[in-house]
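Scroll down for the structure; my scribbles are underneath it.
Number of protein chains: 2
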Amino acid sequence: MTLSEGAGQLPSRRIADAVRELITSGELAPGDKLPSERELARRFGTARNTAREAVRLLTEEALVTPVHGKGVFVREKQRLFRWGNDRYSRKTYRETGLTPFRLEMKRQGKRASIQAVAIDRVAPPYDVAERLGVSTDEESVIRRLNEYHADDEPVQLVTTYIRWSDAEGTLLTEPKTGPGGIHGRLEDKGHVMTTGRDEITARMPTHNEAQFLQAPSGVPVLDVLHTSFDQDGEPFEVTRFVHRADRSGLVYTFDVEP
Amino acid sequence: MTLSEGAGQLPSRRIADAVRELITSGELAPGDKLPSERELARRFGTARNTAREAVRLLTEEALVTPVHGKGVFVREKQRLFRWGNDRYSRKTYRETGLTPFRLEMKRQGKRASIQAVAIDRVAPPYDVAERLGVSTDEESVIRRLNEYHADDEPVQLVTTYIRWSDAEGTLLTEPKTGPGGIHGRLEDKGHVMTTGRDEITARMPTHNEAQFLQAPSGVPVLDVLHTSFDQDGEPFEVTRFVHRADRSGLVYTFDVEP
DNA sequence: TAGTGGTCTAGACCACCAT
DNA sequence: TGGTGGTCTAGACCACTAT
Numbered sequence: 004m005t006l007s008e009g010a011g012q013l014p015s016r017r018i019a020d021a022v023r024e025l026i027t028s029g030e031l032a033p034g035d036k037l038p039s040e041r042e043l044a045r046r047f048g049t050a051r052n053t054a055r056e057a058v059r060l061l062t063e064e065a066l067v068t069p070v071h072g073k074g075v076f077v078r079e080k081q082r083l084f085r086w087g088n089d090r091y092s093r094k095t096y097r098e099t100g101l102t103p104f105r106l107e108m109k110r111q112g113k114r115a116s117i118q119a120v121a122i123d124r125v126a127p128p129y130d131v132a133e134r135l136g137v138s139t140d141e142e143s144v145i146r147r148l149n150e151y152h153a154d155d156e157p158v159q160l161v162t163t164y165i166r167w168s169d170a171e172g173t174l175l176t177e178p179k180t181g182p183g184g185i186h187g188r189l190e191d192k193g194h195v196m197t198t199g200r201d202e203i204t205a206r207m208p209t210h211n212e213a214q215f216l217q218a219p220s221g222v223p224v225l226d227v228l229h230t231s232f233d234q235d236g237e238p239f240e241v242t243r244f245v246h247r248a249d250r251s252g253l254v255y256t257f258d259v260e261p
Numbered sequence: 004m005t006l007s008e009g010a011g012q013l014p015s016r017r018i019a020d021a022v023r024e025l026i027t028s029g030e031l032a033p034g035d036k037l038p039s040e041r042e043l044a045r046r047f048g049t050a051r052n053t054a055r056e057a058v059r060l061l062t063e064e065a066l067v068t069p070v071h072g073k074g075v076f077v078r079e080k081q082r083l084f085r086w087g088n089d090r091y092s093r094k095t096y097r098e099t100g101l102t103p104f105r106l107e108m109k110r111q112g113k114r115a116s117i118q119a120v121a122i123d124r125v126a127p128p129y130d131v132a133e134r135l136g137v138s139t140d141e142e143s144v145i146r147r148l149n150e151y152h153a154d155d156e157p158v159q160l161v162t163t164y165i166r167w168s169d170a171e172g173t174l175l176t177e178p179k180t181g182p183g184g185i186h187g188r189l190e191d192k193g194h195v196m197t198t199g200r201d202e203i204t205a206r207m208p209t210h211n212e213a214q215f216l217q218a219p220s221g222v223p224v225l226d227v228l229h230t231s232f233d234q235d236g237e238p239f240e241v242t243r244f245v246h247r248a249d250r251s252g253l254v255y256t257f258d259v260e261p
């Protein structure tokens with residue numbers, strides 16, 4: 004392996020530049036192990052901390068992932084899961100019999116598994132209360148927290164909030180929500196989803212999110228706050244999706260008003 | 004100021020926990036300066052590098068921003084700019100006479116300014132070529148790169164790609180594109196935007212993007228790849244929007260197919 | 001000029017992993 | 001057991017900011 008001299012002026016930058024060049028040129032392929040921090044330091048004539056700083060820079064760029072006790076590895080480029088505004092289409096569901104998550108997993112030849120983590124009656128967070136038109140002071144909603152996996156790899160965290168007045172005494176308080184799922188039960192209550200709104204932000208994951216999503220450092224999350232509106236234009240369900248941004252992309256198609 | 008003992012076991016975690024507690028409790032308000040790294044080290048009885056590591060952790064969480072020569076400051080929480088699928092609505096444009104960017108700036112009482120950085124004929128990047136149905140081997144597109152500012156603060160980087168065969172000999176090769184802007188000229192060429200598709204990912208900014216967007220470390224970008232389709236369903240324009248994720252959110256509303 | 005963050009050195013010990 | 005990353009110490013000099 005050749006470590007050509009980098010263009011940066013700082014030693015840590017020079018090391019990072021040289022290694023980045025090896026990666027982008029393909030000399031170091033995804034999955035390959037980098038020279039150890041001590042080895043990089045030796046080759047470039049620096050202290051170990053300086054080589055370590057170079058590795059930190061590359062980690063922040065999401066090019067490499069350090070693994071304790073094993074080494075630093077070039078990131079695998081993974082195909083993106085794609086989620087979008089077609090995921091609520093009843094037509095797709097009728098034709099395939101699959102929920103959007105299971106459909107996307109099948110498309111990529113992966114096994115879908117969904118784990119219910121918690122179902123409880125809680126006081127909603129501010130942004131949810133605002134959208135559902137309920138109080139943050141009382142336990143006015145039911146919260147359903149689920150973890151979604153593809154071949155046992157974590158993919159997304161999904162938290163659904165429904166007004167307690169809609170959920171009380173229905174299967175919405177149970178792990179299994181019956182035919183048609185959550186939206187089936189909400190239709191029983193007279194809420195037919197007619198319009199949806201997705202509000203999207205990106206941010207770094209919280210500690211808990213990073214842990215569940217197994218997100219290497221330098222990987223942000225996509226945070227999608229979805230609101231469902233019924234035939235009367237009334238919001239009746241809010242769901243927060245948290246995705247690893249290096250594994251998921253979002254797609255929205257829309258008609259342009261003339 | 005009280006620096007209560009943190010719960011973490013590692014010294015760097017303990018310092019970070021203590022400072023985070025000061026911020027979330029409001030004892031340190033947005034804009035306030037943290038104790039210097041040397042002072043934190045003194046108070047907690049550690050080496051400076053350890054206090055520095057604590058500051059790095061908080062920076063990664065986007066809670067604080069170090070400023071060279073001045074100090075480390077608690078982040079200001081800023082209101083989000085909001086962009087969505089209504090931005091291509093001709094109706095809004097007719098009613099207000101404002102482009103979506105200028106409309107959002109007016110909504111927030113800020114002055115909009117747009118700076119054309121480059122207009123050149125280039126070979127398109129792979130993802131753009133794929134969507135426009137052109138070759139990556141020839142200079143088959145014109146690229147228009149613009150920087151958008153709100154009160155002189157950078158907000159987004161916008162790069163538009165149009166087939167050279169559509170742009171040749173029109174105002175699309177000039178900084179001023181005339182009435183109705185880019186889409187006005189494309190309508191002259193017979194492309195009326197009928198459908199749009201936005202593909203959204205989040206990632207850490209490249210060095211150049213971070214520099215222009217003045218993005219503090221720990222802040223990801225939202226990368227929106229927009230494709231416009233005309234009345235025949237043919238793609239005729241691709242635009243990449245790169246936003247600072249702590250300053251911008253996206254909103255999509257859509258009808259649900261019955 | 002004094003104080004700040006930015007970077008670096010040359011060590012040290014620990015936790016984790018493979019053999 | 002040896003190699004790896006994770007963390008820490010106790011210094012040092014530089015670049016930037018304010019006075």
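So the sequence lines, in the order shown, correspond to chains A and B. Residue numbering for the first sequence follows my numbering, beginning at 4 and increasing consecutively. Residue numbering for the second sequence follows my numbering, beginning at 4 and increasing consecutively. Idealized CB from N, CA, C, for every residue including glycine. Just so we're clear, the structure is a prediction, and the values are computed from it rather than from any experiment.
In the three-state reduction of the DSSP assignment, B:Glu190 falls in the helix class, which pools H, G and I.
A:Arg200 carries a strand assignment under DSSP once its states are collapsed to helix, strand and coil. Contact check between the region 210 to 226 of chain B and the region 159 to 166 of chain A: fewer than three CB pairs, one atom from each, fall below 8 Å, which does not count as touching. Contact with chain B is found for A:Gly252, since one of that chain's Cβ atoms lies less than 8 Å from the residue's Cβ.
Look at the region 87 to 146 of chain A and you find these whole runs of alpha helix (DSSP H), each 4 residues long or longer: 93 to 99, 103 to 110, 129 to 135. In terms of Cα proximity to A:Arg243, the closest of A:Thr230, A:Ala50, A:Gly112 is A:Thr230.
If you draw a straight line from the Cα of B:Leu43 to the Cα of B:Arg55, it is about 9 Å long. Look at the region 25 to 75 of chain A and you find these whole runs of beta strand (DSSP E), each 3 residues long or longer: 67 to 70. Sixteen is the threshold: when 16 or more other Cβ atoms of the shown chains lie within 10 Å of the Cβ of B:Ser143, as they do, the residue is buried. Separation of B:Met196 and A:Thr197 (C-alpha to C-alpha, rounded to the nearest whole angstrom) is 25 Å.
The C-beta of B:Gly100 comes no closer than 8 Å to any C-beta of chain A. Sequence-ordered contacts of the region 192 to 211 of chain A with chain B read Met196, Thr197, Thr198, Gly199, Arg200, Asp201, Glu202, Ile203, Thr204, Ala205, Arg206, Met207 [C-beta pairs closer than 8 Å].
Any Cβ of chain A closer than 8 Å to the Cβ of B:Ala65 would place that residue at the interface, and such an atom is present. Residues of chain B whose Cβ lies closer than 8 Å to the Cβ of A:Gly221 are, in chain order, Met207. The bridge partners DSSP lists for B:Asn149 are B:Ala119, B:Val161.
Within chain A, not a single residue places a beta-carbon under 8 Å from that of B:Leu175; the smallest gap is close to 19 Å. Nearest to A:Asp249 by alpha-carbon distance, out of A:Arg134, A:Pro208, A:Leu13, is A:Pro208. B:Tyr91 counts as buried, since at least 16 other C-beta atoms from the protein chains shown sit within 10 angstroms of its C-beta. Beta-bridge annotation (DSSP): B:Thr256 is paired with A:Arg200. Per DSSP, reduced to three states, the secondary structure at A:Pro14 is helical. A:Ala170 has its alpha-carbon roughly 12 Å from the corresponding atom of A:Gly193. Separation of the CB atoms of A:Val77 and A:Ala32 is rounded to 7 Å, and the pair is thereby assigned contact status at 8 Å. The region 106 to 120 of chain A and the region 138 to 158 of chain A touch, with no fewer than 3 CB-CB distances between them shorter than 8 Å.
Here DSSP, grouped into helix, strand and coil, assigns B:Glu240 to strand. In this structure, the beta-carbon distance from B:Val224 to B:Arg247 falls below 8 Å. Shown here, B:Val224 sits in a strand according to DSSP, grouped into three states. Rounded to the nearest whole angstrom, the CA to CA distance from A:Asp140 to A:Gly184 is 29 Å.
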